[in-house]
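Please read the structure below before turning to the comments.
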Amino acid sequence: MTFYEDNKELYDSIPAEKFQLVQNNEDIHDAAFRTKPIGFFKDVWLRFIRNKASVIGGIIILIIMVFAAIGPSMNSYTYTEQHTDLANMPPKVPWIAKLNLGIMDGHYTLTKRQYDNIKDTSKYPEGCILKLKNPRIINGVKIVDVVVDYYKYKGLDDSQCYWLGSDYLGRDIWTRLWKGTRISLFIALFSVLCNVIIGVIYGSICGYYGGAVDMVLQRIMEIINAFPRIVVLTLFIMVAGTGMFSLIMAMVIKGWIPIARMIRSQFYRFKGHEYVLASRTMGTNDQKLIFRHILPNSIGPVITQAMMAVPTTIFSESFLAYIGLGLQAPNSSIGVMLSTGQKVLMQYPTQVLYPAIIISLLMICFNLFGDGLRDAFDPTQRGVS
Amino acid sequence: MDNDTILSVQDLAVSFRTYSGKVQAVRGVSFDLKKGETLAIVGESGSGKSVTTKAIMGLLAKNATIESGKILFDDHDLVKYKEKDFCKLRGKDISLVFQDPLSALNPIMKIGKQITETLVLREGLSRREAKKKAIELMEMVGIPDPETRYNEYPFQFSGGMRQRIVIAIALASNARILICDEPTTALDVTIQAKILDQIKQIKRDRQLSVIFITHDLGVVANMADRICIMYAGRIVEVGTADEIFYHPAHPYTWALLSSVPDLETKERLMAIPGTPPNMVAPPEGDAFAERNKYALAIDFEQAPPYFRLSDTHYAATWLLHPKAPKVEMPDVLKARIARMRQKAGLDNE
Amino acid sequence: MVRYILQRILAMILTLLIILTVAFMVVRLMPGSVFDLDPELSDTAIKAMNAKYHFDQPMIKQYGYFMADVLFHNDWGTSIAMRPNVAVWDILKDRIPVTLKLNLISLFAALPFGLFFGIVAAINKNTLVDHLVSLMVVLFISIPSFIYAAGLQYFVGYKWKWLPLIYDPAAHGWAQFRSMILPMLALSFDPIARVARYLRAELIENINSDYMLLAKAKGLTFRQSIMRHALRNSMVPMMNIIIPMFAEVLSGSLVIESIFAVAGMGGLMVDSINSSDHMLTVAILMFYSLISLITILIVDISYGIVDPRVRMGVKG
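Residue numbers (the numbering used here), protein chains in the order written: chain A, 1 to 385; chain B, 1001 to 1349; chain C, 2001 to 2316.
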């Protein structure tokens, strides 16, 4: 504590003109905001770009979408074109092969070959043998594992290659992968869009009218929701078949419910707010109240929830493909590729690897992106999920 | 630190690291708490009063640092205390009663268990002894039928009853200092008075020293022996209750006193204009200058020292400097104080 | 409370009946199902089918017979493709214990890890440990269980040969458990992450609550206040996510069981769908419905038991 009395000389040396009233006659007002007001969406944007993980997530999603659009036309194969003699080719990308990293070089290990045959050029074309491994004698026959350049082994020239290999029917995996990504994304995005539309309308009706209307609609919703998801999906696809449209429909049956619930609760929250009451006393009609005063408050949560629903839907599509309710041949989707690849996992692991990478990236990035959006729209919800 | 001082805070400065910078919440606060007295700390929200008490209890948030100063208690400097030292001190020597009794109790734990918890864990009482003591405590804070209520949950208690429980918890281990952080703000006015009386009663019975934090001068009036007025992380005026109410010297105290409603005032209430300063970059001179009708040129350049008005009464305002113009408190306030004195005088007769 | 429980049970039974009805309609209306009689069948075969499924009766009667068989005789029809002429129930009754065992062990093995990670992350909020846990949570929640299954099977099972590639129904004891480790791992990543994420959020909220401040102010140590107050209170809502998680793990195990050839309900369902053995599929779906409805019921009831506010019917 510094006391005047303890240091009188110092304080008394302050010149007298400093001791003058300077704002005695002024009115003192609350200070006005000096910063420019920032609009809602700009604010959201500023908060969003600060979250690096979700920005990166968003960028990766965009890159995958671009490849899903142009990937299938980047080489000459089509997604249905079969070459049964060139089935299960290993991946080969010429410039990566030159780097000698041991990946995507078209090499393949043929196991348990008779040693005596390896000189036979009708079985092993010239120059295709790279290495012999594991010589051993079984039942008196000398057996080796042969590492070959599989493309030469199949008698192909250098110009032909399958970047990510080919599947059990000799179809190009690169083309099918991006074609499949396109279809999986389309199913996911389109079904989420349907869910949002149905959910917003249903939830608005519940929330706006309330009372008996709400009671009845709520009971209907509860009954639909009581059906376990997996049961609904299975039964629906058993009846409607395994087309893309029926997959989308199957995702919609239960998918709109969370959105409807959220919209309904938003209505109940904002209906009682003073600004809505004020607007109502001035004779604003229902439509205007809903669209101008209540729904805009729900934009953030709806977008967030929709984004979070995308990975769930991508997952469901793959899941259905695994249990045999996915798209039928020759159509491709990430799930279809995964479940066909699973059957040859031990021999050709890359056939699972690439679709697995894509679906994992999509799931991770959509989750990060959705997290970022949630935090940006509603900073108070940070870290709560 | 003389003999009848039980707690002494000296030049305490506390800051918080936040995204927008370092917030200097407390900037050099000093006060002594005497044995058996009630010291009120008054200030608007954000003036640093709660932070000061949390520093005493070692309950500052993780992003807070004590920049300088000492908190002397029983010849120990609490600033140097580690968490485990505080665990021994809290509740046993110094106790805290919170602002919001509605959320201060664990909603899913029985009331009795919340009172006996430390008795059993720290003081090694048996369950039965602890229960007996808890029921005594509940009786003491005025809870009817404590035997039954012992086994109830917080949601079965009203706000006032919950605050009594919080006080009972604070008193469970015979603490010598009781810090009440706005204990009645969240309660109805009728309950407020009862709780305040209860605190006064207990203080007398147990010879407690009380630090009473509030933003409401009306509450302070019949509680406090001495009053500190805080503004923007500093104490601007200290004095006995009489000195602060009848001879306020700091323009901020004037403003505070004028803003309290009373029955006789016919004029419009005086609000304090402007907003408190931004504590990330507090102003160089007197923090109140911007909002002060009586600000001097020097107020914007140099923070004022304390001017001694009496042995117990100091104020930090340049208006008390010999060279300063003689400014008198606003007429409204003068009239008010006259009325108060008159009333007090009549009451005395 | 009793009335409330009875209400919930009644609602559950009604829902099951509705699902069963829908399932009947699906099988009945679906082209190419057992109910479409092949015109080339012999008279005796048709007679046998009629005796079993009452095709000569109107649809409403067929429905009545179907429901009566299921509800009163536990007769779910016979398998036509998977194991022809074996009663569906006989197929199921060997499979159900395997699935329940796999899924219950997976869930219960996941819990301590999830709780541990959640607590560690919450206590060390915003430190490196917390960020690592968050990263783990994102990876475990995002990447589908069948991707983990494929990875585990390829590397741990095939390349490194640490554990059996597929489930071994013939083995006993430890050997069989060893063959269940990989599917259990694949199934438990998601619940670990979900429990950790939820507990972290709950615990952080509770640690910052006023009653925690009071707990500290009255002299509890950090550890005591966490264990006795914050953690205890965080566990109450945990019940609400852990129990329904069983239904989620169970549906995840549909695929996992078929990948690891576990002789449970999941693999059976995949096979029954692929071989159009519809009566079998319906019975399996009813099993999943029953489990998922029971979990919802338990949540509804347990919520009342754990939280005194709900138990005593008070809001606040």
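We treat Cβ as the ideally placed atom computed from N, Cα and C, and that holds for glycine.
Taking residue i as the query, report the chain C residues whose CB atoms sit under 8 Å from its CB, ordered along the chain.
i	result
G324(A)	V2270, I2273 and N2274
L1059(B)	L2213, K2216 and A2217
M363(A)	S2142, I2143 and P2144
L169(A)	Near L169(A) there are no residues of chain C at all, since even the closest Cβ is about 19 Å away, more than 8 Å.
Have a look at residue i and residue j and give me their C-alpha separation to the nearest angstrom.
i	j	result
P1261(B)	R1204(B)	29 Å
G383(A)	N2126(C)	Unreliable positioning characterises G383(A) in this predicted model, as indicated by a pLDDT of 44, which lies under 50. The coordinate reading is nonetheless provided below. Spanning the two alpha carbons is a distance of roughly 11 Å.
R47(A)	A376(A)	5 Å
T1317(B)	Q1099(B)	31 Å
K254(A)	A321(A)	19 Å
D1004(B)	S1209(B)	11 Å
I1202(B)	Q1192(B)	15 Å
I334(A)	P1282(B)	59 Å
K1995(C)	A188(A)	The structure shown does not extend to residue 1995(C), since chain C is modelled only from 2001 through 2316, so no value can be given for it.
V2249(C)	Y2288(C)	11 Å
L2068(C)	Q2057(C)	Looking at the sequence itself, residue 2068(C) is Ala, so the reference to Leu does not match. Those two C-alpha atoms are separated by around 15 Å.
A2171(C)	A2150(C)	23 Å
M1223(B)	F291(A)	55 Å
K1343(B)	R1336(B)	11 Å
A2011(C)	A1104(B)	39 Å
M2180(C)	L2102(C)	7 Å
I201(A)	I2018(C)	26 Å
M251(A)	M307(A)	15 Å
What does residue i reach in chain B if we use C-beta pairs closer than 8 Å?
i	result
R2309(C)	P1107, I1108, Y1153 and F1155
F19(A)	L1296, A1297, I1298, W1318, H1321, K1323, A1324 and P1325
Just list the residues that DSSP pairs residue i with in beta bridges.
i	result
L21(A)	L1296(B)
A1315(B)	E1237(B) and F1307(B)
C1228(B)	I1041(B) and V1238(B)
H1076(B)	F1073(B)
T1947(C)	This structure cannot settle anything about residue 1947(C), because the visible part of chain C is limited to 2001 through 2316.
D172(A)	S166(A)
R1017(B)	K1022(B)
D145(A)	K133(A)
K1010(B)	Checking the displayed sequence, the identity of residue 1010(B) turns out to be Gln instead of Lys. Note: Q1010(B) sits in a beta bridge opposite K1070(B).
So residue i contacts chain A; which residues on that side make the cut at Cβ distance below 8 Å?
i	result
F1307(B)	F3, Y4 and E5
F2146(C)	S318, F319, Y322, L338 and Q342
List the residues of chain A whose Cβ lies closer than 9 Å to the Cβ of residue i, in chain order.
i	result
M2030(C)	M238 and V239
Counting only Cβ pairs nearer than 7 Å, list the residues of chain B close to residue i.
i	result
V22(A)	A1295, L1296 and A1297
F2222(C)	E1083
S2209(C)	S1103
V2236(C)	I1108
H2229(C)	N1106
Can you name the residues of chain B whose CB is closer than 9 Å to the CB of residue i?
i	result
T2127(C)	Chain B residues near T2127(C): none, gap ~11 Å exceeds 9 Å.
N2233(C)	N1106, P1107, I1108 and M1109
Output, in chain order, the set of chain A residues within a Cβ distance shorter than 7 Å of residue i.
i	result
Y2004(C)	Near Y2004(C) there are no residues of chain A at all, since even the closest Cβ is about 16 Å away, more than 7 Å.
How would you list, in chain order, the residues of chain C whose beta-carbon sits under 7 Å from the beta-carbon of residue i?
i	result
D1311(B)	Going along chain C, no residue has its Cβ under 7 Å from D1311(B), so there is no contact; the nearest lies around 34 Å.
Determine the chain C residues that contact residue i at a beta-carbon separation under 9 Å, and present them in chain order.
i	result
F1098(B)	D2210, L2213, L2214 and A2217
- Query: Mind listing which residues of the stretch 306-320 of chain A have their C-beta closer than 8 Å to chain C's C-betas, in chain order?
  - Reply: P311, F315, S318 and F319
- Item | Touching by the beta-carbon criterion (3+ pairs, under 8 Å), the stretch 1151-1163 of chain B and the stretch 1108-1118 of chain B | Counting Cβ pairs under 8 Å, three or more are found: they touch.
- Task: With 7 Å as the limit, tell me which residues of the stretch 1015-1044 of chain B have their beta carbon closer than that to any beta carbon of chain A; keep them in chain order.
- Result: Those residues of the stretch 1015-1044 of chain B that come within reach of chain A (Cβ to Cβ, closer than 7 Å) are S1030.
- Message: Check whether the stretch 2127-2143 of chain C and the stretch 322-336 of chain A touch, using three or more Cβ-Cβ pairs below 8 Å as the test.
- Response: The way I'd put it, the stretch 2127-2143 of chain C doesn't touch the stretch 322-336 of chain A; fewer than three beta-carbon pairs between them come closer than 8 Å.
- Should the stretch 2076-2090 of chain C be called in touch with the stretch 2273-2280 of chain C, which here means at least 3 C-beta pairs below 8 Å? At 8 Å Cβ cutoff, the stretches touch.
- Relative to chain A, which residues along the stretch 1272-1283 of chain B have a C-beta separation below 8 Å, given in chain order? Taking a C-beta cut-off of 8 Å against chain A, the contacting residues of the stretch 1272-1283 of chain B are P1273, G1274 and T1275, listed in chain order.
- Message: When you compare the stretch 1173-1187 of chain B with the stretch 1136-1149 of chain B, are there three or more beta-carbon pairs, one atom per stretch, that lie closer than 8 Å?
- Response: Too few Cβ pairs lie closer than 8 Å, so no.
- Task: Check whether the stretch 308-322 of chain A touches the stretch 179-196 of chain A, taking contact to mean three or more Cβ pairs, one atom from each stretch, closer than 8 Å.
- Result: Below 8 Å, enough C-beta pairs join the stretch 308-322 of chain A and the stretch 179-196 of chain A to call them touching: three or more.
- Tell me, please, whether the stretch 2113-2123 of chain C touches the stretch 2253-2263 of chain C by the rule of three or more beta-carbon pairs shorter than 8 Å. Flag = no, the stretch 2113-2123 of chain C and the stretch 2253-2263 of chain C do not touch.
- Count the CB pairs spanning the stretch 156-169 of chain A and the stretch 94-109 of chain A that are closer than 8 Å, and state whether there are at least three. yes
- Are the stretch 1018-1030 of chain B and the stretch 1087-1105 of chain B touching, with three or more C-beta to C-beta distances below 8 Å? Too few Cβ pairs lie closer than 8 Å, so no.
- Task: Return the residues of the stretch 2058-2085 of chain C that lie within a Cβ-Cβ distance of less than 7 Å from chain B, sorted by chain order.
- Result: Cβ contacts with chain B: none found.
- Query: the stretch 61-88 of chain A: which residues have C-beta closer than 7 Å to a C-beta of chain C, in chain order?
  - Reply: Among the residues of the stretch 61-88 of chain A, none has a Cβ less than 7 Å away from any Cβ of chain C.
- Hey, is the stretch 1025-1044 of chain B in contact with the stretch 1224-1241 of chain B, meaning 3+ C-beta pairs nearer than 8 Å? yes
- Of all the residues that make up the stretch 1172-1204 of chain B, which are near chain C by a beta-carbon distance shorter than 8 Å? A1172 and S1173
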